[in-house]
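Numbering (mature numbering (1 follows the signal peptide of the UniProt record, and there is no 0)), first residue to last: -25 to -1, 1 to 236. Cβ atoms here follow ideal geometry from the backbone N, Cα and C, with glycine treated the same way.
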């Protein structure tokens, strides 16, 4: 009986300790360590709603990052990192976008093979707004690309190079976007550090691309290579703003993620 009680207490205490270590760790400060990428073209990002986006042909071809295309969905009975039990989870993300090199040009070998997107999840858990909403970066492979590539890591270069974006708690999953197969998630749970790093690319009244090193493994050749890529900084901030318009309560319950937006 004593052993059963100890075992039961252990099962309760350990997840609590893990939560405190993972979710309530001391935030890391971010600084600019290198030059920014190319300037992002001025002009208001046009928003397409979920309905019009879903009506478009979705054949697994990453889109341009000139427009803010959002989609949303719900995953039933999903197991979340650290949190005990399974939950019904809602999410909002940008549609997968083209992989650009350090000069802002499409990388030919990745064309229609995989793209990247920004996601906020969970927005809700079991139909209640979540305190655990996290901002993540996804790399999503198409049917053709899934046979050839897997994404191993990403490191910011322009700012936030100290951030560990590869997290063992974030597991590779099936993509939730039509036309895509596998989603590789990167980020920091319940944190504003990614947002803060991207904000440092706003200089002299103008947004610039965030440069990053993307580690990609070719499944066919078994070779691993690091590519310098450009991530859209302006779009990620506009994404947060747009989500907040329809879900204003997140500003109060999601920590610092939506502060200064």
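Original post:
So residue 71 packs on residue 152, CB below 8 angstroms; how close in whole Å?
Top reply: 6 angstroms
Original post:
Which of helix, strand or coil does DSSP assign to residue 180?
Top reply: coil
Original post:
alpha helix (DSSP H) containing residue 120: first to last residue?
Top reply: 118 to 121
**OP:** Might you give, ordered along the chain, the residues of its own chain that have their beta carbon closer than 8 angstroms to the beta carbon of residue 93, omitting 5 neighbours on each side?
**Re:** 68, 69, 110, 111, 112, 113, 210, 211 and 214
Original post:
Can residue 45 and residue 97 be called in contact, C-beta distance under 8 angstroms?
Top reply: no
Original post:
If we ignore side chains and look at the alpha-carbon of each, how far apart do residue 105 and residue 36 end up?
Top reply: 31 angstroms
Subject >> Sufficient close CB pairs (3 or more, under 8 angstroms) joining the segment 71 to 90 to the segment 194 to 209 >> reply: yes
Original post:
Helix, strand or coil: which one does DSSP assign to residue 74?
Top reply: coil
**OP:** Could you name each continuous beta strand (DSSP E) segment of 3 residues or more that falls completely within the segment 85 to 165, going from the start of the chain to the end?
**Re:** 89 to 100, 109 to 117, 124 to 131 and 155 to 162
Original post:
Starting from residue 170 and walking both ways along the alpha helix (DSSP H), at which residues does that stretch end?
Top reply: 168 to 174
Subject >> Assumed close pair residue 173, residue 141 - CB separation to whole angstroms, cut-off 8 angstroms >> reply: Not really, about 18 angstroms apart at Cβ, beyond 8 angstroms.
Subject >> Assigned exposure category for residue 61 - 16 Cβ within 10 Å defines buried >> reply: exposed
Original post:
Out of curiosity, what's the CA-to-CA distance linking residue 226 and residue 131?
Top reply: 26 angstroms
Original post:
Can you give the Cα-Cα distance for residue 169 and residue 99, rounded to whole angstroms?
Top reply: 21 angstroms
**OP:** Answer with buried or exposed for residue 199, where buried requires no fewer than 16 other C-beta atoms within 10 angstroms of its C-beta.
**Re:** exposed
**OP:** Could you check which residue in 90, 146, 159 and 133 has the C-alpha nearest to that of residue 40?
**Re:** 90
**OP:** Could you pull out every residue in the same chain whose Cβ sits closer than 7 angstroms to the Cβ of residue 231, ignoring the five residues on either side in sequence?
**Re:** 167
Original post:
CA-CA distance, residue 51 and residue 155?
Top reply: 19 angstroms
Original post:
With distances taken between CB atoms, is the gap from residue 146 to residue 157 smaller than 8 angstroms?
Top reply: no
Subject >> Selected residue, minimal CA-CA separation from residue 123, among 217, 218, 229 and 193 >> reply: 193
Original post:
Would residue 48 be called buried (16 or more neighbouring beta carbons within 10 Å of its own) or exposed?
Top reply: exposed
Original post:
Using the C-alpha atoms, what's the distance from residue 135 back to residue 121?
Top reply: 29 angstroms
Subject >> Inter-residue Cα distance where the pair is residue 17 and residue 183 >> reply: 10 angstroms
Subject >> For residue 11 and residue 178, believed in contact at Cβ under 8 angstroms, the rounded distance >> reply: 7 angstroms
**OP:** Could you check the C-alpha separation between residue 107 and residue 85 for me, to the nearest Å?
**Re:** 33 angstroms
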